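Chains as they are written, first to last, in our numbering: chain A, 1 to 396; chain B, 1 to 396; chain C, 1 to 405; chain D, 1 to 405.
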Amino acid sequence: MAGSAEYTGVDFYDIDSLLSEEERAVRDTVRSWVDDQLIPVIGDCYIEGRFPKQLIPGMAELGLFGANLPEEYGCAGLNNVAYGLIMQELERGDSGIRSFASVQGALVMYPIYAFGSDEQKKYWLPRLANGTDIGCFGLTEPDYGSNPAGMITTAKETADGWVLNGTKMWITNGSQATVSIIWAKTGDIDDASSIRGFIVPTNTPGFSGKDQKGKLSLRASDTSELHMQDVHLPKDAILPKSGGIKSPLMCLTQARYGIAWGGVGAAMACYDEARRYAANRVMFGKPIGQTQIQQERLANMLTEITKAQLLVLQLGRLKDQGKATPSRVSLAKRNNVNIACECAREARRLLGANGILIEYHSMRHLANLESVYTYEGTHDMHSLIVGQEITGLPAY
Amino acid sequence: MAGSAEYTGVDFYDIDSLLSEEERAVRDTVRSWVDDQLIPVIGDCYIEGRFPKQLIPGMAELGLFGANLPEEYGCAGLNNVAYGLIMQELERGDSGIRSFASVQGALVMYPIYAFGSDEQKKYWLPRLANGTDIGCFGLTEPDYGSNPAGMITTAKETADGWVLNGTKMWITNGSQATVSIIWAKTGDIDDASSIRGFIVPTNTPGFSGKDQKGKLSLRASDTSELHMQDVHLPKDAILPKSGGIKSPLMCLTQARYGIAWGGVGAAMACYDEARRYAANRVMFGKPIGQTQIQQERLANMLTEITKAQLLVLQLGRLKDQGKATPSRVSLAKRNNVNIACECAREARRLLGANGILIEYHSMRHLANLESVYTYEGTHDMHSLIVGQEITGLPAY
Amino acid sequence: MKPLAPIHPAPLPPYTAIDFLNVDSLLNADELALRQRVREWVDARLMPIITECYFEGVFPGELVPEMAALGLLGPTIPTEYGGPGRSGVAYGIIMQELERCDSGIRSFASVQSSLVMYPIWEFGSEAQKREWLPRLAQGTAIGCFGLTEPEFGSNPAGMIVRATESADGWVLHGTKKWLSNGPSATIAIVWAKTGDSDDAHSIRGFIVPTNLPGVTVHRVDDKHSLRVSESSAMTFDQVKLPKDAILPKSGGLKSPLMCLTQARYGIVWGALGAAMACFDESLQYAKQREMFGKPIAQTQLQQSRLADMVTKITNGQLLALQLGRLKDLGTMTPGQVSLAKRYNVDMACDVARESRRLLGANGILGGWHSMRHMANLESVYTYEGTHDMHTLIVGQELTGLAAYR
Amino acid sequence: MKPLAPIHPAPLPPYTAIDFLNVDSLLNADELALRQRVREWVDARLMPIITECYFEGVFPGELVPEMAALGLLGPTIPTEYGGPGRSGVAYGIIMQELERCDSGIRSFASVQSSLVMYPIWEFGSEAQKREWLPRLAQGTAIGCFGLTEPEFGSNPAGMIVRATESADGWVLHGTKKWLSNGPSATIAIVWAKTGDSDDAHSIRGFIVPTNLPGVTVHRVDDKHSLRVSESSAMTFDQVKLPKDAILPKSGGLKSPLMCLTQARYGIVWGALGAAMACFDESLQYAKQREMFGKPIAQTQLQQSRLADMVTKITNGQLLALQLGRLKDLGTMTPGQVSLAKRYNVDMACDVARESRRLLGANGILGGWHSMRHMANLESVYTYEGTHDMHTLIVGQELTGLAAYR
């Protein structure tokens, strides 16, 4: 009854006809991998609160890490629509798995690719692409959530390198990562332009990570706090082309882009489950799918999913043309995660009492999406980013 | 302050790049016609409750009537996206004007084109395209709104033709039309398969139209009741290829397609007005556009408009491929009119007390859109059409 | 708008006020009797003409004496000053019944009672009270309220209208906007700065006869909303006022805000009346209207609409009554009024729209009431403090922090 | 779920219950005192352990004696049968305070009080009352309620569980689903058809000791919601019951529905408690949490959230109290209960979600309460009549037409 047997996605507006052969092939490959490898184990992982590590090699083999980065670095070199479709299909399974891939690709591999030296790229990108190394992204701090420019983590230059001190929070993959990208101020504590990125192996002395326990969301994903006490790094640990708050924000734009696609996948999973349940659940002598109230629920979900699909597809095409501006990405992340939250909630409700059981997926998505609603820029922050773009006036 | 000075539309996602040269040209032509001809007079027309007849020749000259029908019949022969863009721009001005064009094109010219004989097409289509004749569409009856198959208007075959009897209601253009397409049952009153279409000149004896007064919506559009008492018609008045309720429903699908585009235009007009007002209206020493609440309003509007644009564009491309199924059209009509209602209401509210004055457009759109929400299939009926498509189960 | 051909009235049974949670059991006999009297008067005198008045944009001034006779003007003013001396709840009930017909009618009574008689009562001298309150209660004098200015809507403290003290009185100069009742008004209560243009403490109220030289009233007619209410702007060109034109006990922005609190309280009840009128109309229609062989009232989607409406109305009824009881106890705070005005008007806007939609195509015709209410309520949503301003007033009361700026 | 590392509790001031419209002024001294007692007990005994219990999915059974001592089980049962004999409003207040902590705790008390003690009180013989009510009130016996079946959720009339009369009693056979308290229950109140499978009039209630041969309890643990409440299914395999196991005065579907009306009434108040807990948490957080150099409580978007929440809660408070007064007057109707259950639970779901969102990333951690409430309330939204079923119950009461089918 998990509703994902022969899952075929949602495509009411023949959006497949707008995808290339290759894009559809990538999507279908990931979709069946999710059906075969992830769906069968996700329920237990979620309840037990553990990330399904055993799936990392399979994901690497499929080239899901940094899939939109060039092949010369061992990546799949896909376009951004294919990359987005991967995120969509992964999140159809679980937001935690998609988060893992987002971090590895958009927040670790991307900054090395964008701001790293040739040596850094040649060494790290292949190892991250094939899963030999797992990365995490250290930007957020306890008191600087929506306002990362306020960070107080410091990197002091020394004769032979750098010394990092500070604490980072809400770090996905933090506890299992072998390498982390840490953002720190190299100048005065109030000088955001002095923010630089560093590649920090997690086994460096003084570096420690601790899982944040007791999550009611994203339970199949590890979230950690990172502590750095006098962490000594060589000179070449710095990402040479990084500079100012702009650099980590560029990474977030990459991640948000993937999230916008992921939201579609989660919404599709919930809609699909609700539709199947409505067709099979008989009450008062007929399927509940034949009642007006449930049909309206389903029609609303399908409408929102169809619009969200068209939104990310156009955003992806713009990204491939270099026109996916941050505010355009904000609009899609804000909308698609929000409609995914709504679809998950309505699907959960259509499922009735059964909807609270682990064997169904909608309520797991409902809980996961609350984190997605908040992370990588809260819904409200994106309202104000788009609002500033519209009015030219900041209202933070 | 009407906010439409140098109106430039709304395009946050570079949707123009998805339009052809010709499509953009058509859109821009209609847009400036609306700015020059319609906007200056619409406020008075609305208050005085009259349709701006004087604009008909200009619309005909631009080829706005039946613009997606072939040139051999004196029509513009545009594709369905260009046709949709015309509807978008007309409704940016006023829903009543778009309604006029929808009726002429989708409900009068289309059925003659789809169900008429060569003689009928050759005679009527050019005259309707150039505005020599004005048409109306007689389907709805007082007691059969959402259920037209129940109609009780009859057409009895006689030795030398047909005799029509019955009453039709909610007929746009009814009082000024020179010709009407009347749907009537030629067989038993409970036999919907006997429904046929007839071309009825409005000066035929026994045929009378009466304006419905006292409208709080679509005041710049004429709405009438049609009465037919022993209206004698020649044999060739019948649309030979029409048959069953399916025929008029095919016309409605054409009209709904145009409405889906029109909703985008109305929403754009309101958003544009609100955005300009927010930038100029100073309260507590700064533009209200700099407050979080108004930015959230604007961000929501822009998001809904962007999604609605992508929805109708994809629907238009599908229509050109013959794949715009009725339920796909229902989804877009339902969504786009609904979001237009929301945008109009939120824009009206952003405008504050000034928003209730005629010189501003949003509240006129707000009132108009309530008719659009209901006509050509109510919002709820479209919920159930899409719901039936999803579940395979009827719940009317 | 265009004068109407004869209107086809909605063929529905007489108005039955919804009371799903037996809120009437909380009203006393006097309150119920008063409500019944006003309701019957509205049915007999207002309902038959309201649609025509709305389309033609005229206020039925000929009914003012009857309203006065019923004690609908300044209901809380004590009898010694010519008022009926009723409770706050009774005042609310009157507003509810008037707005059941039309927000413009209720607006007339709100302005006369809360924005003209109240400030004279609260801030006026004994002489001013004796002179004006009885005439205003009898409707032989009509008043209007001048606070808002073209550039100062939500922020009245910024007003630029000035009253300069002269040897023999005051000179009033400037422009006020959005004065309901202006065109028929005998007097205007005008708020002006007597000190520096940035000194909100210097704001004082003045009683300004509208026939004084230099006072000009500009009607505002091109409205989509509140068409039976006479809106206007008023310009004061060096208008000379006697010394005793000032309301002696008024002082600072607080004074006009106290008036707004009174008016908002009435709106809380009024919006409820409009919502109840719409609900009754659509419920009766849903039971009568058949589609696909059964009443649309038997479909799940329309029952959802009706259940949502009745729930919101029930909330509004309990809010208004509790607020009224607090008012009569003397503990009602402006923040509490803001919460109720914000909810009840928003609720009424939604009920009117959903009701309009349930009525289908008929819902856009003048003979039906829901869409007129829907249009009127858009003004109510904005005036006497916009929805958003009340959000921030409640927010400030909750958090202790101001977020207007 | 995974046992927790030590929880970091939310560093917030103690709970202050919001009362924006002074609804407390409508409560009497006894009611206020009772509420204070329960609130203090919840603070002292439940709040410190609730998150741990939630993650581990255990019901804190060790606290049942204290709940009994406080008179929280069967509050309306007369003293002669071991209950405290309190009013309907007092019962509601208890549910509000329990659910302020967790819906699962309130569910335990609801089931014991409304679904077990109430039917014995209402439909039981004198002997049954004497035997069971005191033990249930003391918590030495725990009860559960068997009505729902796997294929019959919103439509209990379709139940297939049968009780066949035998020479020396009854034979009960079939499966029931969604029995809260099942795993700890001493007895189950089971509803079964004594006649034909399509004869809903033959439905009767039975007192079934869970230790009888043939009774099997199946725990349901894999839940995203109500994790401190013990859910279960129960199978009855040809269970032999004595003649006096039947509730003599029960008859037809009406009897279990009367029980549901009692339980739904408690939920109306309980959901309110959950919403108030969430609101208090997010309000305090908003005042403490600084971003961009000022408390987020000073931003318009968060003040909008807070204003919406406090408005919904105030509505819920007035609804619950008016419903309680009607209950104590004996005039409360099922439709009125449906309206209030539907609104208050929906309201609480929204308040919990918005509160969770105001808390930002912290909001997903167990040390904070809003997200636990948000997850719990999804069950409450569905059980004891889904939101949609209540829509149609209210709709039927308004229109006189049934639209379930």
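C-beta: ideal position from N, C-alpha, C; glycine also. All values reported here derive from a predicted model rather than from experimental measurement.
{"query": "By a C-beta neighbour count over all protein chains shown, 10 Å radius and 16 as the cutoff for buried, is ASN280 of chain B buried or exposed?", "result": "exposed"}
{"query": "Under a three-way DSSP split, which group does ASN173 of chain B fall into?", "result": "coil"}
{"query": "Between the region 284 to 298 of chain D and the region 242 to 252 of chain D, do three or more beta carbon pairs fall short of 8 angstroms?", "result": "no"}
{"query": "Skipping 5 residues on each side, what residues in its chain have a beta carbon closer than 6 angstroms to that of ALA101 of chain A?", "result": "LEU64, LEU90"}
{"query": "So, for HIS224 of chain C: in the same chain, excluding its five sequence neighbours on each side, which residues have a beta-carbon less than 7 angstroms away from its beta-carbon?", "result": "ALA375"}
{"query": "Please classify VAL42 of chain C: does DSSP put it in a helix, a strand, or coil?", "result": "helix"}
{"query": "Compute the Euclidean distance between the alpha carbons of GLY124 of chain D and LEU377 of chain D, then round it to the nearest angstrom.", "result": "32 angstroms"}
{"query": "Tell me where the alpha helix (DSSP H) around GLY262 of chain B begins and ends.", "result": "246 to 280"}
{"query": "For VAL337 of chain B, I'd like the list of residues in its chain whose CB is within less than 6 angstroms of its CB, leaving aside the five on either flank, ordered along the chain.", "result": "GLY263, VAL372, TYR373"}
{"query": "Quick check on PRO65 of chain C: buried or exposed, where buried means 16 or more other Cβ atoms within 10 Å of its Cβ?", "result": "exposed"}
{"query": "Output yes if chain D places a C-beta closer than 7 angstroms to the C-beta of GLN292 of chain B; else output no.", "result": "yes"}
{"query": "Once the 5 residues before and after ALA149 of chain A are set aside, which same chain residues still bring their CB inside 7 angstroms of it?", "result": "ALA192, ILE245"}
{"query": "If you draw a straight line from the C-alpha of ALA352 of chain D to the C-alpha of PHE279 of chain D, how long is it?", "result": "8 angstroms"}
{"query": "At the 7 angstroms Cβ level, is LEU301 of chain D part of the contact set with chain B, yes or no?", "result": "yes"}
{"query": "Relative to chain D, which residues along the region 295 to 321 of chain C have a C-beta separation below 7 angstroms, given in chain order?", "result": "PRO295, ALA297, GLN298, THR299, GLN300, GLN303, SER304, LEU306, ALA307, VAL310, THR311, THR314, ASN315, LEU318, LEU319"}
{"query": "For SER154 of chain C versus MET283 of chain B, is the C-beta distance shorter than 7 angstroms?", "result": "yes"}
{"query": "Does PRO11 of chain C come within less than 7 angstroms of chain D when only Cβ atoms are used?", "result": "no"}
{"query": "Could you give the first and the last residue of the continuous alpha helix (DSSP H) run that contains LEU253 of chain D?", "result": "Taken as a continuous stretch (DSSP letters only), LEU253 of chain D belongs to no alpha helix (DSSP H), as it is neither H nor E."}
{"query": "Quick check on this structure: which residue in B:TYR123, B:THR29, B:GLY197, B:GLN54 has the alpha carbon closest to the alpha carbon of VAL41 of chain B?", "result": "B:GLN54"}
{"query": "So, ALA340 of chain D versus VAL268 of chain D, is the Cβ gap smaller than 7 angstroms?", "result": "yes"}
{"query": "List the residues of chain D whose Cβ lies closer than 7 angstroms to the Cβ of GLU342 of chain B, in chain order.", "result": "The premise fails here: GLU342 of chain B is roughly 17 angstroms from chain D at the closest Cβ pair, so nothing lies under 7 angstroms."}
{"query": "Could you pull out every residue in the same chain whose Cβ sits closer than 6 angstroms to the Cβ of ALA109 of chain D, ignoring the five residues on either side in sequence?", "result": "LEU72, LEU98"}
{"query": "How far does the beta strand (DSSP E) with GLN54 of chain B in it reach, from first residue to last?", "result": "Here GLN54 of chain B belongs to no beta strand (DSSP E), and DSSP marks it neither H nor E."}
{"query": "Do we get a CB-CB distance below 7 angstroms when we pair LEU223 of chain D with the residues of chain A?", "result": "The amino acid occupying residue 223 of chain D in the given sequence is Lys; Leu does not appear at that position. So yes, LYS223 of chain D belongs to the interface."}
{"query": "Helix, strand or coil for TYR383 of chain C per DSSP?", "result": "coil"}
{"query": "Just by C-beta distance, which residues in the region 358 to 379 of chain A are closer than 8 angstroms to chain D?", "result": "ILE358, GLU359, MET363, ARG364, LEU366, ALA367, GLU370, SER371, TYR373, THR374, TYR375, THR378, HIS379"}
{"query": "Mind checking whether ALA192 of chain D and LEU179 of chain D have CB atoms under 7 angstroms apart?", "result": "no"}
{"query": "I need the straight-line Cα distance from THR79 of chain C to GLY85 of chain C, nearest angstrom please.", "result": "5 angstroms"}
{"query": "Which stretch, first to last residue, makes up the alpha helix (DSSP H) that contains CYS53 of chain D?", "result": "47 to 56"}
{"query": "Could you tell me the alpha carbon to alpha carbon distance between LEU357 of chain B and GLY105 of chain B, rounded to whole angstroms?", "result": "32 angstroms"}
{"query": "Please give me, in chain order, every unbroken run of the beta strand (DSSP E) with length at least 3 that falls completely inside the region 139 to 211 of chain B.", "result": "154 to 158, 161 to 172, 179 to 185, 195 to 201, 207 to 211"}
{"query": "Can you give the beta carbon distance from LEU233 of chain B to TRP170 of chain B, rounded, assuming they're within the 8 angstroms contact cut?", "result": "About 23 angstroms; that fails the 8 angstroms criterion."}
{"query": "Can you give me the start and stop residues for the alpha helix (DSSP H) that GLY104 of chain D sits inside?", "result": "103 to 110"}
{"query": "In chain order, which continuous runs of the alpha helix (DSSP H) of length 4 or greater are located wholly inside the region 17 to 46 of chain B?", "result": "21 to 33"}
{"query": "Residues of chain B with CB closer than 8 angstroms to the CB of PHE55 of chain C, please, in chain order.", "result": "GLY214"}
{"query": "Have a look at GLN300 of chain C and THR311 of chain C and give me their C-alpha separation to the nearest angstrom.", "result": "16 angstroms"}
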